[in-house]
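Below: the structure, in structure tokens.
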Ligand code: SAH
Ligand code: SF4
Ligand code: F3S
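In the numbering used here, the protein residues as written are 43 to 483.
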């Protein structure tokens with residue numbers, strides 16, 4: 043028996059897919075204590091804030107929400123836990139070590155020990171602040187409770203060794219550590235064959251590094267091939283690929299295997315080779331565009347997305363124009379663009395020629411406006427093409443979801459079944475929305 047049985051909890055998550063998945067593991071841990079989840083963090087007995095610090099805005103949001111909740115603690119014994127990337131940083135903007143508002147503060151390396159921390163807190167009623175430099179328990183111990191019933195996240199590699207000069211991730215997530223291939227295989231097998239998942243999204247800050255630290259001879263391309271031997275009606279996605287080691291092998295497997303979604307998120311960050319060098323990205327504009335050409339050539343129906351940072355220190359108008367011209371060249375289906383945000387103790391924060399916030403915001407808006415036009419123009423290119431889609435019901439109408447996440451309305455479709463893959467021919471655009479018909483076999 044423990045004191046948490048039948049108590050309620052709520053998890054508030056910020057940040058990337060990896061954090062979303064870690065929160066699913068947190069839920070798994072809290073369930074093993076006999077607790078159940080409620081949506082309303084204001085009512086919950088235990089609230090876990092799983093935080094992000096990739097940009098200053100992410101930190102501000104998390105901090106303000108934590109403090110607001112702490113102020114209105116309704117029940118005396120409500121426990122507030124903060125975990126994840128924000129407390130893991132050294133010299134971050136907010137220091138939670140002294141704050142009385144929060145009860146348990148841990149980082150990214152000890153989330154799997156949350157149950158022990160909670161029990162200890164109940165026994166002693168003393169604030170716990172414990173930030174570790176490396177994991178003490180294997181990240182695999184907690185089994186995730188997933189919200190989404192169609193797409194399941196699966197970790198394949200933790201940490202990052204790349205040290206892009208702007209980025210805090212290597213400091214807060216530690217060194218790259220690949221999961222055992224058998225653990226990944228068994229997890230995917232269970233998700234597909236016992237739980238009916240349609241998409242498996244493999245997660246890592248850089249999935250292409252998979253296997254480099256393992257004794258077994260395996261790399262990301264061979265891992266993908268192994269997973270494609272699993273029987274079932276499902277597809278595999280992955281993120282994120284670093285352009286530096288996005289190899290021909292991976293393109294080959296993507297082309298060959300029907301089970302791999304024809305979607306690629308390949309963050310470029312900047313279109314200027316000078317800036318890419320300052321970012322320590324290990325590729326230049328020409329090499330990046332070569333990878334894009336190769337993928338498009340091998341897989342014509344590929345859907346592409348990217349991340350961009352505008353206003354990196356030293357970015358001139360000319361550098362920025364190169365980013366715009368790269369977007370025009372590649373014609374991504376989706377672009378995630380951010381204003382550069384200084385992160386404590388990263389090399390870029392110490393660089394000269396920091397760009398003024400107003401100028402960053404001007405550049406961001408210009409880029410987003412241009413990308414919107416590109417995406418609208420792109421719509422036309424889909425007409426008369428065939429895409430393999432997941433067929434779903436949405437507000438009573440059938441829609442096909444492409445591998446890149448685009449929705450195609452299928453107006454004259456009689457619903458017999460849903461959540462299966464079928465080829466859809468796109469035949470028109472209505473109100474900026476694509477429409478189509480299911481291919482007859
Ligand atoms: N591992 C992934 C991305 C992780 S962070 C990769 O290498 O692509 C997600 C995105 O946040 C990055 O691609 C980058 O565009 C953005 N980002 C990271 N640090 C940032 C910073 N200091 N300021 C603004 N954007 C940043
Ligand atoms: Fe950050 Fe670069 Fe690692 Fe991505 S590859 S997490 S941007 S350091
Ligand atoms: Fe944020 Fe940490 Fe992910 S800083 S983007 S939650 S790895």
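C-beta atoms are modelled at their ideal positions from N, C-alpha and C, and glycine is treated no differently.
With burial defined as no fewer than 16 other Cβ atoms inside 10 Å of the residue's Cβ, what is the status of residue 323: buried or exposed?
buried
Got a sec, what are the start and stop residues for the alpha helix (DSSP H) residue 106 sits in?
Note, residue 106: alpha helix (DSSP H), 98–113.
Could you tell me which of 434, 481, 423 sits nearest to residue 470, measuring between CA atoms?
423
Compute the Euclidean distance between the alpha carbons of residue 458 and residue 275, then round it to the nearest angstrom.
17 Å
Among all the DSSP beta bridges, which residues are the ones paired with residue 194?
242
Can you give the Cα-Cα distance for residue 177 and residue 152, rounded to whole angstroms?
6 Å
Exposed or buried, what is residue 284 when buried is set at 16 or more other beta-carbons lying within 10 Å of its beta-carbon?
buried
Once DSSP output is grouped into helix, strand and coil, what is the label at residue 125?
Assigned with DSSP and collapsed to three states, residue 125 falls in strand.
So, are the CB atoms of residue 187 and residue 69 less than 8 Å apart?
yes
With DSSP as the reference, label residue 303 as helix, strand or coil.
When DSSP states are grouped into helix, strand and coil, residue 303 belongs to the coil group.
Just list the residues that DSSP pairs residue 429 with in beta bridges.
466, per the DSSP bridge assignment.
I'd like the span of the beta strand (DSSP E) that includes residue 201, first residue to last.
Residue 201 -> no beta strand (DSSP E), and no H or E assigned at all.
Give the straight-line distance between the Cα atoms of residue 227 and residue 478, rounded to the nearest whole angstrom.
35 Å
Under 8 Å, do residue 343 and residue 375 count as touching if we go by C-beta distance?
no
Any heavy atom of the ligand SF4 closer than 7 Å to the beta-carbon of residue 249?
no
Return yes when at least one heavy atom of the ligand SF4 lies under 7 Å from the C-beta of residue 204, else no.
Under cutoff, so the answer is yes.
Could you check if residue 484 is buried or exposed, using at least 16 other CB atoms within 10 Å of its CB as the buried criterion?
An answer regarding residue 484 cannot be provided, because it is not within the stretch 43 to 483 covered by the chain.
So residue 315 is in the beta strand (DSSP E); what residue range does that whole segment cover?
In the DSSP assignment, residue 315 falls outside any beta strand (DSSP E) and lies within the alpha helix (DSSP H) extending over 315–320.
Verify the contact flag: residue 153, CB atom, against every heavy atom of the ligand F3S, threshold strictly below 7 Å.
no
Indicate whether residue 260 and residue 223 have their beta-carbon atoms separated by less than 8 Å.
yes
By Cβ distance, which residues of its chain are closer than 6 Å to residue 72, with the 5 residues on each side in sequence left out?
Cβ within range, chain order: 51.
Find the nearest neighbour of residue 216 within the set 147, 132, 82, judged by alpha-carbon distance.
132
Which two residues bound the contiguous alpha helix (DSSP H) that contains residue 157?
156–166
In this structure, how does DSSP classify residue 55 when only helix, strand and coil are distinguished?
strand
Bridge partners of residue 386, per DSSP?
Paired residues: none, contrary to the question.
Would you mind sorting residue 462 into buried or exposed? The rule is 16 or more other CB atoms within 10 Å of its CB.
exposed
Quick check on the burial criterion: 16 or more other C-beta atoms within 10 angstroms. Buried or exposed for residue 318?
Classification of residue 318: buried, given that the 10 Å Cβ count is 16 or more.
Just list the residues that DSSP pairs residue 92 with in beta bridges.
DSSP lists 55, 125 as partners of residue 92.
How is residue 296 classed by DSSP in three states: helix, strand or coil?
helix
Of the choices 230, 168, 368, whose alpha-carbon is the least far from that of residue 313?
The option with the nearest alpha carbon to residue 313 is 368.
If you reduce the DSSP assignment to three classes, tell me which class residue 77 lands in.
The three-state secondary structure of residue 77, taken from DSSP, is coil.
Just checking residue 284 against the ligand SAH - is the residue's beta carbon closer than 7 Å to any of the ligand's heavy atoms?
Taking the Cβ of residue 284 as the reference point, at least one heavy atom of the ligand SAH falls within a distance shorter than 7 Å.
Answer yes if the stretch 291–305 comes into contact with the stretch 262–274, meaning at least three C-beta pairs across the two stretches below 8 Å, and no otherwise.
yes
Cβ-heavy atom distance between residue 380 and the ligand PLP below 7 Å?
Within the structure as shown, the ligand PLP is missing, the only ligands being the ligand SAH, the ligand SF4 and the ligand F3S.
Any heavy atom of the ligand SF4 inside 7 Å of the beta-carbon of residue 209?
Yes, Cβ of residue 209 sits closer than 7 Å to a heavy atom of the ligand SF4.
Using 8 Å as the threshold, is the stretch 204–212 in touch with the stretch 228–242, meaning 3 or more CB pairs across them?
no
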